[in-house]
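This report refers to the structure that appears directly beneath it.
Numbering (mature numbering (1 follows the signal peptide of the UniProt record, and there is no 0)), first residue to last: -22 to -1, 1 to 271.
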């Protein structure tokens, strides 16, 4: 059928080569991913696709032992938003977080003649565009510019994602620009994206995800050393002194917890203790003692 120029649209994906587009002659019209629903949707789509790969669902890709469940990160999102607001369709040369750690980055640009599309950016289509590189170009575990978005999306050790969005008008077209940052960065040369094989979180010092049947979550070594909280500069909780909870059974411990039949009392000045209490309480409710200490 003939091309309708009144509703012309294209989607462009940028791997690691800097090309085109600057905001010098553009008008910024929309900025930010403020909807919790949008943020949740981005994270869930990443995890759904990662879970699919980890299960062996992509027939050209091996299943994964240690692919981690992703979560939203506000710092990564702030950095992504700042870059998106510049309307420059190329990778940020200073891709580091506040601690100087290197982060990964995926970019997508959707061009259209329809202004209303700026109010309803199709993040799902953009993210699927990154993922579909595995079908277009293939991926054998070795870095390739053609499949760099895909390999960053399914990098096993990456567990944080934060994205930014801008909508701008330039050269008679409206532009939807999505920037997603990732930590830790993937696409590390001479490294496989993940450990091949069926899910084995325990072997990789991780816990099994409760949401996704083929993903892992929470690094055990970080919890045991309190680094889980130190990583977010949270080592204590001054708002609470003690927490009491009742479980369906009683058990003993040598780790400083006070047990009184069905009641556990614990000082929660240290945030580390809260997560241990929650995990152990849930384990007892299920009738199984989860010993992670």
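The C-beta atom is built at its ideal place from N, Cα and C for all residues, glycine as well.
Do residue 57 and residue 145 count as a contact pair if the criterion is CB distance below 9 Å? The sequence position of residue 145 within the chain shown is 167, counting from 1. The sequence position of residue 57 within the chain shown is 79, counting from 1. Their beta carbons are not under 9 Å apart, which means residue 145 does not touch residue 57 by this criterion.
Cα separation between residue 67 and residue 87? Indexing the chain shown from 1 puts residue 67 at position 89. Indexing the chain shown from 1 puts residue 87 at position 109. Roughly 8 Å separates the two Cα atoms.
Do residue 172 and residue 45 have their beta-carbon atoms positioned less than 9 Å apart in this structure? Residue mapping note: residue 45 aligns to position 67 of the chain shown, counting from 1. Residue mapping note: residue 172 aligns to position 194 of the chain shown, counting from 1. Yes. Within cutoff.
DSSP on residue 196, reduced to helix/strand/coil? As a first step, residue 196 must be located in the chain shown, where it is residue number 218. Correct three-state label for residue 196: strand.
Taking 6 Å as the limit between beta carbons, can you name the residues of its chain near residue 152, skipping five residues before and five after? Counted from its first residue, the chain shown places residue 152 at position 174. Same-chain partners within the cutoff: 90, 93, 96.
Would you identify the three-state DSSP class for residue 126, choosing helix, strand or coil? On the chain shown, position 148 is the one that residue 126 refers to. Helix.
Limits of the unbroken alpha helix (DSSP H) element including residue 113: Residue mapping note: residue 113 aligns to position 135 of the chain shown, counting from 1. Element bounds for residue 113: 111 to 114.
Residue of 51, 156, 106 minimising C-alpha distance to residue 99: As a working note, residue 99 is residue 121 in the chain shown. With distances taken between Cα atoms, residue 99 lies closest to 156.
Can you list, in chain order, the residues of its chain with a C-beta nearer than 6 Å to that of residue 63? Leave out the 5 residues immediately preceding and following it. Locating residue 63 in the chain shown gives position 85, counting from the first residue. If we look at residue 63 and ignore the five residues flanking it on each side, its Cβ neighbours are 9, 144.
Beta-carbon gap between residue 23 and residue 137 smaller than 9 Å: Counted from its first residue, the chain shown places residue 23 at position 45. Counted from its first residue, the chain shown places residue 137 at position 159. No, Cβ-Cβ distance for residue 23 and residue 137 is not below 9 Å.
Would residue 327 pass as a contact of residue 80 if the rule is Cβ separation under 9 Å? There is no way to answer for residue 327, as the model of the chain reaches only from -22 to 271.
Inter-stretch contact at 8 Å, needing at least 3 Cβ pairs: the stretch 14 to 31 / the stretch 67 to 76: no
For residue 148, the residue or residues it bridges with in DSSP: Here residue 148 is taken as the residue at index 170 of the chain shown, counted from 1. Bridge partners of residue 148: 151.
Closest by CA to residue 5, which one among 84, 85, 154? Residue numbering aside, residue 5 sits at position 27 when the chain shown is read from its first letter. For the residues 84, 85, 154, the minimum Cα distance to residue 5 belongs to 154.
Inter-residue Cα distance where the pair is residue 178 and residue 59: For the purposes of this step, residue 178 is taken as the residue at position 200 of the chain shown. For the purposes of this step, residue 59 is taken as the residue at position 81 of the chain shown. Going by the C-alpha atoms only, they are around 36 Å apart.
Work out the CA separation of residue 126 and residue 165 for me, nearest whole Å. If you number the chain shown from 1, residue 165 lands on position 187. If you number the chain shown from 1, residue 126 lands on position 148. Between residue 165 and residue 126, the C-alpha separation is close to 7 Å.
Own chain, CB closer than 7 Å to residue 21, minus 5 neighbours either side, in chain order: Here the question's residue 21 lines up with position 43 in the chain shown. Excluding residues within five positions, the ones whose Cβ falls inside 7 Å are 48, 49, 50, 139.
Could you work out which residue in 33, 170, 104, 194 is closest to residue 121 when comparing CA atoms only? Working through the chain shown from its first residue, we reach residue 121 at position 143. Answer by Cα proximity: 170.
Rounded to a whole number of angstroms, what is the C-alpha to C-alpha distance between residue 186 and residue 3? To locate residue 186, count along the chain shown from 1; it is residue 208. To locate residue 3, count along the chain shown from 1; it is residue 25. If you take the alpha carbons of residue 186 and residue 3, they lie about 49 Å apart.
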